[in-house]
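Q: Here the sequence shown stands for residues 897 to 1137, where the numbers follow the working numbering.
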Amino acid sequence: MGHDSTDKPVEQPPSNTGLTSERAANISTENQGPRPAGATREKSWAATLGLDSLSIPPLKFGEVNGGSNQINDCATDKCMVGGKQYKDSTEIPGNHPKALLHPDGKPVLGPDGKPIYGPDRIDLDKIATDARDNKGWFSEERAALKFRHSGDWDFQRMKADDGRPIFTKEYQNFANIGIGYIMGALGVSMDKMSGYAGTYCKFKCSYNEPMSPQYPHLADRQVKDFQIGFNLYRERHPDGK
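Set out below in structure tokens:
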């Protein structure tokens, strides 16, 4: 999903490479007494989100789920797109910064009070309304899957010619806002979408920034981004259409 990671130490999972998604979901509750309410749901989310092995440790900032092959900086790595090399990922066609706007044309501000920019190839409203209009078959789980790192709706990454994901740090907030916007269009509550994200980040992310008091596996800024996207969709579509 559109989340960040840092070098903050976190508890590492066992290194077994054969862990199943069911085993992954159970690991945190073993030997801790009765399973808490919602643990079964978390297990199914873990399977849906592809958490088939816990052998992958949390990675440093800008490397989440891209592995060692992810391009974090085009100035120091080879960013070839369409046969051309770029020194700045925001100069790649389709990845130019575009301001995210309210219906009145004013810029949408992030949790830090700064305007939000996203890649100009992304029409957030079209993606959201298409998903909403097809939600008869477009399940919440299918949507959550698309937000995984390097997934179809990971708006902070695009592919280089060699197939490696190119990470654009400037679009982190936009990627999280996109989660709130699209999931809001699908009628998913803030609590439920944060639950999906929290299950993913429980195993895949780590942070060196303030964490959410309500969702302990998510950064506070992330949850605020989700809320901004959720509210923006309702602002643009007050009648739900």
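Even glycine gets a Cβ: it sits at the ideal position worked out from N, Cα and C.
1. Looking only at C-alpha atoms, which of T972, P989, A971 sits nearest to G979?
2. Per DSSP, V977 is paired with what?
3. Let me know the alpha helix (DSSP H) ranges lying completely inside the segment 1064 to 1100, each 4 residues or longer, listed in chain order.
4. Counting only the same chain and skipping the five closest in sequence on each side, list residues whose C-beta sits under 7 Å from that of S1090.
5. State the DSSP-derived secondary structure class of I1018, mapped to helix, strand or coil.
6. Can you name, in chain order, every residue of its own chain whose Cβ lies under 7 Å from the Cβ of M1079, other than the five neighbours on each side?
7. Express the C-alpha separation of M1107 and W941 in angstroms, rounding to a whole number.
8. For A995, which residues in the same chain have their Cβ closer than 7 Å to its Cβ, ignoring the five residues on either side in sequence?
9. Please report the straight-line C-alpha distance between K1055 and I1062, rounded to a whole angstrom.
10. Does the segment 1068 to 1085 touch the segment 1124 to 1136, meaning 3 or more C-beta pairs lie closer than 8 Å?
11. Considering only residues of the same chain and omitting the five flanking positions on each side of G1047, which have a CB-CB separation below 7 Å?
12. Only counting the same chain, and skipping five residues up and downstream in sequence, which positions put a Cβ closer than 6 Å to that of W1049?
13. Taking the beta strand (DSSP E) that R1053 falls in, what are its first and last residues?
14. For E1105, I'd like the list of residues in its chain whose CB is within less than 6 Å of its CB, leaving aside the five on either flank, ordered along the chain.
A: In short, the structure shows the following:
1. P989
2. K980
3. 1068 to 1081, 1086 to 1100
4. Y1111, L1114, V1119, F1122
5. coil
6. A1039, M1089
7. Any answer about W941 is weak, because its pLDDT of 42 lies below 50 and its placement is not dependable; what the coordinates show is given next. Their backbone Cα atoms lie some 21 Å apart in a straight line.
8. P1003, P1011, Y1013
9. 6 Å
10. yes
11. L1041
12. Cβ within range, chain order: K1042, F1043.
13. 1053 to 1055
14. Annotation for E1105: A1115 place their beta carbon closer than 6 Å to its own, counting only its chain and skipping 5 residues before and after.
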